[in-house]
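Input: a single structure, listed below in structure tokens.
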Amino acid sequence: MSTEQILTVKDLKKYFKTTRGIVKAVDDVSFSVIKNETFGLVGESGSGKSTVGHVIMGIYGPTAGSITFMGKDISKSVGKRPKELKKRLQIVFQDPASSLNPRRTIAQILELPFKVHHLAPDGNYAEKAFEMMDLIELPREFAARYPGEQGGGEKQAVAIGRALATGPSFIVLDEPTSALDVSIQAKIINMLMRFQKEFDLSYLFITHNLSLMRNVAQRVGIMYLGKIVELAGTPEFFSNPLHPYTKMLLSAIPVITPEEEALKPEKIMSTGEIAGALNIPLGCSFHPRCPFAMDTCSKVVPSIIEYKRGHHVACHLYPSAGNSQ
Amino acid sequence: MKGAVFRKGPDYGKSWHKFSNNYLSQVGLGVVALVAVIAIFAPYMAPYPSNAGFFVNYPEAHEPPNWIHIFGTDQFGRDVLSRIMFGFRYSLMMAVVVLSLVVPLGVVLGLVAGYYRGGKVDMVVMRCADIFLAVPPLVLALSICSVLTPSVFNAMMAVSLMWWPWYTRLVYSISSSLRNEAFVQAAEIAGASPFHIIFREILPNCLGPILTKITLDAGWVILIGASLSFVGLGAQPPIPDLGTMVSDGANFLPEQWWVSLFPALAIVLVILGFNLLGDGVRDLFAAETV
Amino acid sequence: MAEQLLDVKDLHVYFKVYEGLLKVLNGVFLNVGAKEKVGIIGESGCGKTTTMKAIMRILAANAIVAGGTIAYRGSDVLQVGMQDLMRLRRTSMSMIFQDPTAALNPVFKVGEQLEDIVRYSEFISHTPTKQEVRTKAVDLLKSAALPEPERILDSYPFQLSGGMRQRVCIAMSLASAKDLLIADEPGTSLDVTIEDQIMRELKQIVEDRGLSVILISHSIGAVKGFVTKLYVMYAGTMVEEAPTDELFSNPVHPYTQNLLKAVPKLTGGGVPEGIAGRIPSYLTIGDGCRFASRCMSAKESCQAHAPPAFDIGNGHRVACFHYGDI
Chain P
2 MSTEQILTVK DLKKYFKTTR GIVKAVDDVS FSVIKNETFG LVGESGSGKS
52 TVGHVIMGIY GPTAGSITFM GKDISKSVGK RPKELKKRLQ IVFQDPASSL
102 NPRRTIAQIL ELPFKVHHLA PDGNYAEKAF EMMDLIELPR EFAARYPGEQ
152 GGGEKQAVAI GRALATGPSF IVLDEPTSAL DVSIQAKIIN MLMRFQKEFD
202 LSYLFITHNL SLMRNVAQRV GIMYLGKIVE LAGTPEFFSN PLHPYTKMLL
252 SAIPVITPEE EALKPEKIMS TGEIAGALNI PLGCSFHPRC PFAMDTCSKV
302 VPSIIEYKRG HHVACHLYPS AGNSQ
Chain A
647 MKGAVFRKGP DYGKSWHKFS NNYLSQVGLG VVALVAVIAI FAPYMAPYPS
697 NAGFFVNYPE AHEPPNWIHI FGTDQFGRDV LSRIMFGFRY SLMMAVVVLS
747 LVVPLGVVLG LVAGYYRGGK VDMVVMRCAD IFLAVPPLVL ALSICSVLTP
797 SVFNAMMAVS LMWWPWYTRL VYSISSSLRN EAFVQAAEIA GASPFHIIFR
847 EILPNCLGPI LTKITLDAGW VILIGASLSF VGLGAQPPIP DLGTMVSDGA
897 NFLPEQWWVS LFPALAIVLV ILGFNLLGDG VRDLFAAETV
Chain Y
16 MAEQLLDVKD LHVYFKVYEG LLKVLNGVFL NVGAKEKVGI IGESGCGKTT
66 TMKAIMRILA ANAIVAGGTI AYRGSDVLQV GMQDLMRLRR TSMSMIFQDP
116 TAALNPVFKV GEQLEDIVRY SEFISHTPTK QEVRTKAVDL LKSAALPEPE
166 RILDSYPFQL SGGMRQRVCI AMSLASAKDL LIADEPGTSL DVTIEDQIMR
216 ELKQIVEDRG LSVILISHSI GAVKGFVTKL YVMYAGTMVE EAPTDELFSN
266 PVHPYTQNLL KAVPKLTGGG VPEGIAGRIP SYLTIGDGCR FASRCMSAKE
316 SCQAHAPPAF DIGNGHRVAC FHYGDI
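Here it is in structure tokens:
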């Protein structure tokens, strides 16, 4: 696999001003996505993972920090981005019911990206839409239907088709299967994996489903309240989790086979509530819930260090690089 | 294979079923249809079409309702029923003209203000709307009409001027909330122009409330128009406007009650019809529950 | 054998819509004993919530119960009069819904809503004083593992987090659930760590009070640690019933097998295969086995009749013609 970085996020911050204070949705996040890999971003509500995806797509402009795509800086909101860029970067949203306009037919939805970028040489956008429907395995008769008449899996397939229309190289997948049933989820994920190989795609896969992540991502980053607390290659991440939050999350996943049960780390009972984004605790934001909290944890924010090769963690339990290499 | 292939039309049977959820909607539809037919074919349907304009027939003045004049005659001997039938023309014309002006303007302003929510456009448009909405509607219409020469045309202009903000407000609330929906973001990310997003993505989602409001408003516009005529600021005699007829006949109450009463009932009928129809239109667009 | 608290037999529920008749439930069976914890797993649209609504008789106006019986403590819930039904709802069974935000009225304080329920369910013999009601409400919140119950009673739902709202809903259901608690996907709208906590707490509460539970979920793992008996539902039919361990170690119905295979595993193993085909439409569904169109091992005869539940020992039942014949 190549090591060329297709997308790099550096010191990214996104703060929202609300009437009740400043919400630090994303606070100093840095990572890269390598060409053709699936990079997983995991977290619960309030972690900021979706916001990272949205800032990368330009739905919001960043408060600080930079986003570099294929060598060029793209840290602007979508209104200010060149049209050419919009072909390269696409997103699939979580809820297919709200990401498809209920008052437009499937054909109209799929035709739009082709029309905007003038991708049909003879002006035959309908044909392009049909070809896309074939690709996402949707019968052509569905073209005149409205999203409301489709099941969740089919809607999400349309959302994926829409994202693929312009021939992007990078797709942000924001919880693409969280709203779907397990049997449909498998179908959609398989489709995404196939397309990745076929069209040379790189994915930023955002989800809270660690079992799914285990099987689709090559590297995983876990976020808590706006910061990345651990980042590692997938096998390493699951066999040697370092951060207490990672361990808590892994312990909490419901699993069904005894082998998976055995794989789970020492059971850390999850306690307490996820702090509201307005009252982020001082020091390490996880310390109120952490069973290993020490004195420094409530005072000093831990910085992220490379504890082992390719394995980064931000925790006072690991103040400096451990067994090197 | 360009364009519309596999495009199935709307399911009319199902739409009718939704509309007729409450049988009164059908009654409303019937009333409005009847009024429209009468208005259009008044010259052919009215028993005494000449009575509609300038006409005097003093020997038959103030006749109570009888077989020759079903609703009686007024102080000039004119047949009340015929005048009511022609009066429907002015009522419906008022509704059609005012709404044709107000709806496109108000809706477009609301869509644009909602799309650019938080910006200068939003502020300018909505504050203008607020100003117009702050003045009691009838007062505004009255002041405008009394400054200009009273006529049907000026009454329509006055009513239009005070009506547009309602549509702007309605559409603004929908547009600004849809602005942040995923499908709008997806369209932006795909590179769609603001024109496309406003008119092709957001507008279709506003149609239900807009159409419902238009139907209900028709009744209200007719009422305001009649009120203006009632105080003498709208249609001028001898135009058989329903409001003018009510006010003329008021002088002869309670002895010659029919001269005022029947035009008033006609106004009630028209408004009731539109209200019931509006309920049906609202049901038509209501979300389906399984 | 534990006394039967709830015994649903051969339930058929249809919905009348403009396009015709939606034949949703087709011969659903379910039984729950006293103090027994039972789970129902199935995907969206399979009829789990419809079955629960039928049990509590809160089905929509266009629903038709076309057959079957729901025996609750001996009497048929479908036949009882309104008075008896309301008494059952007040004092015996209760339900927790999926989305706690939607289940709580946003314009009333939590205390007002909870106290309403307390007054309605707990105090039947005499009219309570304000203090009695409040004390009882605080007790309920405490048993639902909520810290600072007094403060919560005075809060509005929007001031609480998702987990706390769900605990409030649990407290509300405890007021009227003396025998049976129905939990409809209680953890679905919550974060994983919070869901884990809530389910542990709920298990403790249920065991302390000796309640029977019907737990519905589309998350198979969440159900596993909680219930002793599992039902698998597909397209309005119960396809398999077994004690929990038995079901996971020996799934027998093709749908169950595929479903368990489709869950991504923490141990790796790549992305699982989905199940080919789609859930059939309830409008046009035939009389045969409802899974036949997607089943790898379907025979001709599977399309003809709906398979009844065949007993294969160990408390394990399966509705599939490979395990029996009519």
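Order-wise, the sequence lines are chains P, A and Y.
Under this note's numbering, the first residue of the first sequence carries the number 2, and numbering increases by one thereafter.
Under this note's numbering, the first residue of the second sequence carries the number 647, and numbering increases by one thereafter.
Under this note's numbering, the first residue of the third sequence carries the number 16, and numbering increases by one thereafter.
For glycine and all other residues, C-beta sits at the position ideal for the given N, C-alpha and C.
Range covered by the alpha helix (DSSP H) that runs through residue i
i: Val-238(Y); result: 235 to 239
i: Thr-64(Y); result: 63 to 71
i: Met-351(Y); result: What the structure shows of chain Y is the stretch from 16 to 341, and residue 351(Y) is not part of that stretch, so it cannot be assessed.
i: Asn-800(A); result: 798 to 824
i: Asp-211(Y); result: 207 to 224
Interface flag, residue i vs chain P, CB-CB below 7 Å
i: Asn-826(A); result: no
i: Gln-831(A); result: yes
i: Thr-65(Y); result: no
i: Lys-157(Y); result: no
i: Ile-290(Y); result: yes
i: Glu-216(Y); result: no
i: Ala-939(A); result: Outside the shown range of chain A (647 to 936) lies residue 939(A), about which nothing can therefore be said.
i: Ile-835(A); result: yes
Other residues of its chain near residue i: CB distance less than 8 Å, five sequence neighbours each side excluded
i: Pro-279(Y); result: Val-286, Pro-287
i: Lys-648(A); result: Summary for Lys-648(A): the model assigns pLDDT 40, below 50, so the residue's position carries little reliability; its value from the coordinates is reported in the next sentence. Answer for Lys-648(A): no residue qualifies.
i: Ala-17(Y); result: Unreliable placement is indicated for Ala-17(Y), whose pLDDT of 48 sits below 50; no coordinate value is reported for it.
i: Ala-321(Y); result: Asn-41, Gly-42, Thr-252, Asp-302, Gly-303, Cys-304, Arg-305, Ala-334
Residues near residue i in its chain [Cβ-Cβ closer than 7 Å; skip 5 each side]
i: Met-71(P); result: Ile-7
i: Tyr-249(Y); result: Gly-57, Cys-61, Tyr-270, Arg-305, Phe-306
i: Tyr-1(P); result: It is not possible to answer for residue 1(P), since the shown part of chain P is limited to 2 through 326.
i: Lys-151(Y); result: Val-133, Glu-137
i: Ile-917(A); result: Gly-865, Ile-868, Leu-869
i: Leu-251(P); result: Leu-211, Pro-242, Lys-265, Pro-266
i: Pro-295(Y); result: Ala-250, Arg-305, Ser-308
Counterpart residues of residue i in DSSP-defined beta bridges
i: Arg-220(P); result: Phe-40(P), Gly-234(P)
i: Tyr-87(Y); result: Leu-21(Y), Ser-90(Y)
i: Ala-78(Y); result: Phe-30(Y)
i: Lys-73(P); result: Phe-70(P)
i: Gln-6(P); result: Ile-35(P)
i: Gly-22(P); result: Thr-19(P)
i: Tyr-694(A); result: Looking at the DSSP assignment, Tyr-694(A) forms no beta bridge with any residue, so it has no partner.
i: Asp-326(Y); result: Arg-332(Y)
i: Leu-174(P); result: Val-93(P), Phe-206(P)
Enclosing beta strand (DSSP E) for residue i [first to last residue]
i: His-312(P); result: 312 to 314
i: Pro-258(Y); result: 252 to 258
i: Gln-91(P); result: 90 to 93
i: Asn-46(Y); result: 35 to 48
i: Glu-307(P); result: 306 to 309
i: Met-110(Y); result: 108 to 111
i: Ser-227(Y); result: 227 to 232
Chain A within 7 Å of residue i, Cβ atoms only
i: Ile-60(P); result: yes
i: Val-117(P); result: yes
i: Pro-63(P); result: no
Residue-chain proximity (residue i, chain Y), Cβ-Cβ < 7 Å
i: Glu-261(P); result: yes
i: Pro-255(P); result: yes
Own chain partners of residue i with C-beta closer than 6 Å, once the 5 adjacent residues on each side are dropped
i: Ala-218(P); result: Thr-39, Gly-41, Phe-206, Thr-235
message: Would you call the stretch 121 to 133 of chain P in contact with the stretch 80 to 97 of chain P, where contact means no fewer than 3 C-beta pairs closer than 8 Å?
response: Fewer than three beta-carbon pairs drawn from the stretch 121 to 133 of chain P and the stretch 80 to 97 of chain P are found closer than 8 Å, and the two stretches are therefore not classed as touching.
task: Would you check if there are 3 or more beta carbon pairs closer than 8 Å linking the stretch 152 to 162 of chain Y to the stretch 170 to 190 of chain Y?
output: Yes, the stretch 152 to 162 of chain Y touches the stretch 170 to 190 of chain Y.
- prompt: Counting Cβ pairs closer than 8 Å, one from the stretch 920 to 933 of chain A and one from the stretch 38 to 54 of chain Y, do we hit at least three?
  reply: Three or more Cβ pairs closer than 8 Å define a contact, and the stretch 920 to 933 of chain A falls short of that threshold against the stretch 38 to 54 of chain Y.
Contact the stretch 838 to 852 of chain A vs the stretch 896 to 909 of chain A: 3+ CB pairs below 8 Å: No, the stretch 838 to 852 of chain A is not in contact with the stretch 896 to 909 of chain A.
message: Taking contact to mean 3 or more Cβ pairs, one atom from each stretch, closer than 8 Å, check whether the stretch 680 to 699 of chain A and the stretch 721 to 739 of chain A are in contact.
response: Touching, yes.
query: With contact counted as at least three CB pairs below 8 Å, one residue from each stretch, are the stretch 801 to 819 of chain A and the stretch 772 to 787 of chain A in contact?
result: The stretch 801 to 819 of chain A vs the stretch 772 to 787 of chain A: in contact.
query: Taking three-plus beta-carbon pairs below 8 Å as touching, is the stretch 236 to 253 of chain Y in contact with the stretch 219 to 232 of chain P?
result: No: fewer than three Cβ pairs fall under 8 Å.
query: Are at least three pairs of beta-carbons, each pair with one atom in the stretch 92 to 106 of chain Y and one in the stretch 121 to 129 of chain Y, less than 8 Å apart?
result: When C-beta atoms of the stretch 92 to 106 of chain Y are compared with those of the stretch 121 to 129 of chain Y, fewer than three pairs fall below 8 Å, so the two segments do not count as touching.
message: Three or more C-beta pairs under 8 Å: does that hold for the stretch 815 to 823 of chain A against the stretch 751 to 762 of chain A?
response: Inter-segment contact for the stretch 815 to 823 of chain A and the stretch 751 to 762 of chain A is present: three or more beta-carbon pairs are separated by less than 8 Å.
- prompt: Does the stretch 29 to 45 of chain P come close enough to the stretch 207 to 223 of chain P to have 3 or more Cβ pairs within less than 8 Å?
  reply: Judged by Cβ distances under 8 Å, the stretch 29 to 45 of chain P makes contact with the stretch 207 to 223 of chain P, as three or more pairs qualify.
message: Assess contact between the stretch 777 to 788 of chain A and the stretch 741 to 752 of chain A, defined as three or more Cβ pairs (one per stretch) separated by less than 8 Å. Is contact present?
response: Not touching, per the Cβ criterion.
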